[in-house]
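Encoded as structure tokens, the structure appears first; notes follow it.
Number of protein chains: 2
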Amino acid sequence: MVAARRDMALRKIRPSGGPEDFERWQQRKSSLTRESILDAAVDSLVESGYAGLSTNDVARRAGVSRGAMHHHFPNRIALVRGMIEHVFYRRMRHFLDDFVAQLKVIDPDDETLQPHVIAVELHWHSVQSREFEAYLRLAVAARNDAELAEAFDPAARRYDEVWLEEMDHAFPQWRSAPELMRLASDVTQALQLGLLINGSTIGEERVRAIQDELVGVVKRLAEAAKR
Amino acid sequence: MVAARRDMALRKIRPSGGPEDFERWQQRKSSLTRESILDAAVDSLVESGYAGLSTNDVARRAGVSRGAMHHHFPNRIALVRGMIEHVFYRRMRHFLDDFVAQLKVIDPDDETLQPHVIAVELHWHSVQSREFEAYLRLAVAARNDAELAEAFDPAARRYDEVWLEEMDHAFPQWRSAPELMRLASDVTQALQLGLLINGSTIGEERVRAIQDELVGVVKRLAEAAKR
DNA sequence: CCATTTACCGGCAACCTTGTCGGTTTTCTT
DNA sequence: AAGAAAACCGACAAGGTTGCCGGTAAATGG
């Protein structure tokens, strides 16, 4: 039932028309190549950056002709729009899957492994995923591309809303002080995003010290929320 | 004399061959167009992203022929290498200029405006500059471009070294606990980098709350360093 | 003042990308 | 089984990008 609720939440940002929505073979197959194109697009995005993303390359990677590609996505921007939905959905799913899996395993009496500490760990893990890498490219490119921003910004806000609902549900103890939980979440996301980029420069040791400090901050906020 | 010391520090990362290094007109003029090309390259980078950066566009912006461009930078990667030095130098200069200017103005008795709090404010300001925007594009692109990374990573490490020396000099009170100062600096940089990217999604109010939390963290670290 | 070095110019070839479109194969419908 | 519809294919034109190179103008220095 936990999984059921998660699926319900995910539906809010899930792009309609996934393969599982169809019974008939044609639509199912169509939807399948659509997904394979989007996957290929993410790969191409991560490797070449947003400006370097070429529909040609995407078709090649997906093992699909340029014609078929055009059938599903009439032009580049349509592909990008599809990719945005795809990336946000996968990113959220990735994290939530890991999270519910971990919650089942941990010992509730272990003080060092409180749920919010777990969440910080898992978020760091999710930040290092391919989906997040794609998100990063999109977010950075959207800063100076009006056309991209037009599609990206609303999707990002929708993602944020769903995310906060999920956090609210996952941490009922914080419910008395939602602004503190939001702060903890915001700090975690911003800090780990920055860490992802700066990490290779400053080295592992310093990364770990920063992570420890972050855990400390989140713990303090959790304490403050209890009162 | 503060400025003199700053210049000395800057020299460590300053690209040699700036216009002020030459007396003869020809070399001086040459160096001037070189700089204008690099400036144009930064603009192009910020607007089009790393992959979209075209030497054509750069020449157009700089008001220079493609031939002249080729004379200064034989190919694209040479231009990029020049740009990296340029960006790091300007970024550091931007921050240090602001910092020494502010230190002159503040009231040493004002508790709310301790130097490290000022530094956090100013760093946030510097993060929103054009130079940092360029740094961001380069850092993100370098994650999946070996050729770029080869030029970018060493420059980033050199920058980090000089940065830490500068901080050590600016905050002698922290000298007893250099690892705490480094931590404060790292947290500030990572958090504000993430904030720059996420800011447009989460809105001003939450950004401010995060900044306040950051100031709190830095203050606590400063306290801890005193003992 | 003349030779040489330096800065700068603009066109060319090879390549890649995007969007478009006529035509073919596969699946669905009746 | 036959017609309709959806999925898919490959080629083409227009335009942009890169690297290269022969040639010109200006500055330097002997």
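Respectively, the protein sequence lines represent chains A and B.
Taking this note's numbering, I'd label the letters of the first sequence as residues 2 to 228.
Taking this note's numbering, I'd label the letters of the second sequence as residues 2 to 228.
For glycine and all other residues, C-beta sits at the position ideal for the given N, C-alpha and C.
For a quick check, are the C-beta atoms of residue i and residue j less than 7 angstroms apart?
| i | j | result |
| --- | --- | --- |
| residue 138 (chain A) | residue 50 (chain A) | yes |
| residue 80 (chain A) | residue 74 (chain A) | yes |
| residue 199 (chain B) | residue 191 (chain A) | yes |
| residue 95 (chain B) | residue 130 (chain B) | yes |
| residue 193 (chain B) | residue 141 (chain B) | no |
| residue 211 (chain B) | residue 187 (chain A) | yes |
| residue 76 (chain B) | residue 48 (chain A) | no |
| residue 41 (chain B) | residue 52 (chain A) | no |
| residue 83 (chain B) | residue 33 (chain B) | no |
Got a sec? Which residues, its chain only, sit under 6 angstroms from residue i by beta carbon, not counting five neighbours each side?
| i | result |
| --- | --- |
| residue 204 (chain A) | none |
| residue 185 (chain B) | 219 and 222 |
| residue 54 (chain B) | 45 and 46 |
| residue 58 (chain B) | 45 |
With a threshold of 7 angstroms on Cβ separation, who are the neighbours of residue i within its own chain once the five nearest residues in sequence on each side are excluded?
| i | result |
| --- | --- |
| residue 44 (chain A) | 62 |
| residue 14 (chain B) | 89, 90, 93, 159, 160 and 163 |
| residue 196 (chain B) | 208 and 211 |
| residue 167 (chain B) | 10 and 97 |
| residue 78 (chain A) | 148 |
| residue 126 (chain A) | 99 |
| residue 231 (chain A) | Outside the shown range of chain A, which is 2 to 228, sits residue 231 (chain A), and nothing can be said about it. |
| residue 31 (chain A) | none |
| residue 123 (chain B) | 96, 99, 100 and 103 |
| residue 35 (chain B) | 73 |
| residue 150 (chain B) | 143 |
DSSP on residue i, reduced to helix/strand/coil?
| i | result |
| --- | --- |
| residue 54 (chain B) | coil |
| residue 142 (chain B) | helix |
| residue 13 (chain B) | coil |
| residue 172 (chain B) | coil |
| residue 61 (chain A) | helix |
| residue 209 (chain A) | helix |
| residue 228 (chain A) | coil |
Whole-angstrom Cβ separation of residue i and residue j, contact assumed at under 8 angstroms?
| i | j | result |
| --- | --- | --- |
| residue 133 (chain B) | residue 120 (chain B) | Actually they are not in contact, since the Cβ atoms of residue 133 (chain B) and residue 120 (chain B) sit about 15 angstroms apart, beyond 8 angstroms. |
| residue 135 (chain A) | residue 46 (chain A) | 5 angstroms |
| residue 156 (chain A) | residue 85 (chain A) | 5 angstroms |
| residue 208 (chain A) | residue 189 (chain A) | The Cβ separation is near 14 angstroms, so there is no contact. |
| residue 226 (chain B) | residue 177 (chain B) | 6 angstroms |
| residue 1 (chain A) | residue 216 (chain A) | The structure shown does not extend to residue 1 (chain A), since chain A spans only 2 to 228, so no value can be given for it. |
For residue i, verify whether its CB is less than 6 angstroms away from any heavy atom of the ligand ATP.
| i | result |
| --- | --- |
| residue 134 (chain A) | The ligand ATP is not part of the structure shown, which contains no ligands of any sort. |
Please go through the same chain and pick out, in chain order, the residues whose beta-carbon is closer than 8 angstroms to the beta-carbon of residue i, but skip the five residues on each side of it.
| i | result |
| --- | --- |
| residue 116 (chain A) | 104, 107, 171 and 172 |
| residue 6 (chain B) | 170 |
| residue 37 (chain A) | 63, 64 and 65 |
| residue 16 (chain B) | 83, 86, 87 and 90 |
I'd like the ranges of any alpha helix (DSSP H) spanning at least 4 consecutive residues and lying wholly in the stretch 64 to 133 of chain B.
67 to 73, 77 to 106 and 116 to 128
I'd like the ranges of any beta strand (DSSP E) spanning at least 3 consecutive residues and lying wholly in the stretch 155 to 204 of chain A.
none
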